[in-house]
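Q:
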Amino acid sequence: MAMGAAATAAAPWYGAIGGGSRRARVRAQAAAPWAGGAEELVRSGAVRAVRAKEAAGAMSAEGFRLLDVRPEWERARAAVRGSAHAPLFVGDDDTGPVTLLKKWVHFGYIGLWTGQSFTKMNDRFLDDVAAAAAAAAGEGKDAKLLVACGEGLRSLIAVRMLYDDGYKNLAWLAGGFSKCVDGDFADVEGESKLQYATVGGVSYIFLQILLLLRVVR
80 MAMGAAATAA APWYGAIGGG SRRARVRAQA AAPWAGGAEE LVRSGAVRAV RAKEAAGAMS
140 AEGFRLLDVR PEWERARAAV RGSAHAPLFV GDDDTGPVTL LKKWVHFGYI GLWTGQSFTK
200 MNDRFLDDVA AAAAAAAGEG KDAKLLVACG EGLRSLIAVR MLYDDGYKNL AWLAGGFSKC
260 VDGDFADVEG ESKLQYATVG GVSYIFLQIL LLLRVVR
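Counted the way the working numbering counts, the sequence shown spans residues 80 to 296.
The following block contains the structure:
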């Protein structure tokens, strides 16, 4: 996943920023191992872990707004209708020779099988979340956000970044959408089941065959 490259980078927490731009801070936060201790936020209770089967209750009874941080192509397959969207990673459109070589290797070893696109960090992530939160709840950084992605890893990075940016009413969808079952989210739009929307490439073809044969549901 794109998250793996970000999470294993060696950049120190806030390393070499020196009061730099908001975009530089986004890159530094995402590069820090496990986003600077996102798991500790969950363990300590500073960020609440919500299982897929609990999500609807958190949203309806407690006022949490679902924030989907998946890239647009995953969200297009399946998404919870009305959820806010701010992608943590976006497509990398650089056409330089080094990037093109990386893309070729990525496609041969990962992209063809999994359908994952070559991505880069969304430098506007915090701005995108601010706009989504304002539009959704009108509460700015007081908004209750349930942060979600496909498998729970990218959203864990996002949670740490948002927490450090001043959001204190955060919840994390533990395990991501891959852990949900039909009915956990009542209003889903798209061509795929929500729990399978992250699967792509040749893997997705095999998944469709298994669904057809009723090996998985």
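Backbone N, C-alpha and C fix where the C-beta goes; we use that ideal spot for every residue, glycine too.
Bear in mind the structure is a predicted one, so any value in this text is a computation, not a measurement.
(1) Pull up the distance between the alpha-carbon of A253 and that of G231, whole angstroms please.
(2) Measuring alpha carbon to alpha carbon, tell me which residue in E133, V148 and G269 is nearest A236.
(3) Grab the span of the alpha helix (DSSP H) containing V238 for me, first residue to last.
(4) Looking only at its own chain, which residues have a Cβ that is under 6 Å from the Cβ of D207, when we skip the five neighbours before and after it?
(5) What are the boundary residues of the alpha helix (DSSP H) that R154 is part of?
(6) Under 7 Å: does the beta carbon of R154 sit that close to some heavy atom of the ligand COA?
(7) Can you tell me which of the three DSSP states G280 falls into?
(8) For G219, which residues in the same chain have their Cβ closer than 8 Å to its Cβ, ignoring the five residues on either side in sequence?
(9) Quick check: what's the CA-CA separation for D244 versus F204?
(10) Between V267 and the rest of its own chain, which residues show a CB-CB distance below 8 Å, the 5 nearest in sequence each way excluded?
(11) Report yes if the C-beta distance between S125 and F264 is below 8 Å; otherwise report no.
(12) Would you decide whether A140 is buried or exposed? Buried here means 16 or more other CB atoms lie within 10 Å of its CB.
(13) When DSSP builds the beta bridges, which residues end up paired with L224?
(14) Does any residue of chain D have a CB that is nearer than 8 Å to the CB of G161?
(15) With a CB to CB cut of under 8 Å and the five nearest residues on each side skipped, what residues in its chain are close to A276?
(16) Taking only the alpha-carbon atoms, compute the straight-line gap between K199 and R233 and give it to the nearest angstrom.
(17) For the beta strand (DSSP E) holding R127, just list the boundary residues, first then last.
(18) Using the Cα positions of Y246 and S123, report the straight-line distance between them to the nearest angstrom.
(19) Give the secondary structure of K272 by DSSP, where H, G and I count as helix, E and B as strand, and everything else as coil.
A: On the basis of the data shown:
(1) Sequence index remark: in the sequence shown, residue 253 carries index 174 (1-based). Sequence index remark: in the sequence shown, residue 231 carries index 152 (1-based). It is roughly 6 Å from the alpha-carbon of A253 to the alpha-carbon of G231.
(2) If you number the sequence shown from 1, residue 236 lands on position 157. In the sequence under discussion, the amino acid at residue 236 is Ile, which differs from the Ala named in the question. Comparing Cα-Cα distances from I236 to each of E133, V148 and G269, the minimum goes to V148.
(3) To locate residue 238, count along the sequence shown from 1; it is residue 159. Run containing V238: R233 to D243, per the alpha helix (DSSP H) assignment.
(4) For the purposes of this step, residue 207 is taken as the residue at position 128 of the sequence shown. The residues are A165.
(5) Walking along the sequence shown from the start, residue 154 turns up at place 75. Start and end: E151 to R156.
(6) Of the ligands one can find in the structure shown there are none, so the ligand COA has no counterpart to examine.
(7) In the sequence shown, counting from the first residue as 1, residue 280 sits at position 201. Because the pLDDT at G280 is just 41, under 50, the model does not fix this residue reliably, and the point stays unresolved.
(8) Locating residue 219 in the sequence shown gives position 140, counting from the first residue. Leaving aside the five residues that flank G219 on each side, the residues in its chain whose CB is nearer than 8 Å to its CB run, in chain order, A209, A212 and A213.
(9) Within the sequence shown, numbered from 1, the residue matching residue 244 stands at position 165. Within the sequence shown, numbered from 1, the residue matching residue 204 stands at position 125. D244 and F204: Cα-Cα distance of roughly 11 Å.
(10) Taking the sequence shown and counting its residues from 1, one reaches residue 267 at position 188. A157, A158, V159, R160 and L273, listed in sequence order.
(11) Here residue 125 is taken as the residue at index 46 of the sequence shown, counted from 1. Here residue 264 is taken as the residue at index 185 of the sequence shown, counted from 1. The sequence given here places Ala at residue 125; Ser does not occur at that position. Taking C-beta atoms as the reference points, A125 and F264 fail to come closer than 8 Å.
(12) The count along the sequence shown starts at 1 and reaches residue 140 at position 61. With fewer than 16 Cβ atoms within 10 Å of its Cβ, A140 is classed as exposed.
(13) The sequence position of residue 224 within the sequence shown is 145, counting from 1. According to DSSP, L224 bridges with R144 and L249.
(14) No chain D is part of this structure, which consists of one protein chain only.
(15) Indexing the sequence shown from 1 puts residue 276 at position 197. Within the same chain, Cβ atoms closer than 8 Å to the Cβ of A276 are found at R149, E153, R154, R156, A157, A158, G229, F256 and G269, the five residues on either side in sequence being excluded.
(16) For the purposes of this step, residue 199 is identified with residue 120 of the sequence shown, where counting begins at 1. For the purposes of this step, residue 233 is identified with residue 154 of the sequence shown, where counting begins at 1. Straight-line spacing of the CA atoms in K199 and R233 works out to 13 Å.
(17) On the sequence shown, position 48 is the one that residue 127 refers to. That run of the beta strand (DSSP E) goes R127 to V129.
(18) Here residue 246 refers to the residue found at position 167 when the sequence shown is read from its first residue. Here residue 123 refers to the residue found at position 44 when the sequence shown is read from its first residue. One C-alpha to the other measures close to 16 Å.
(19) Taking the first residue of the sequence shown as position 1, residue 272 is located at position 193. Coil, per DSSP.
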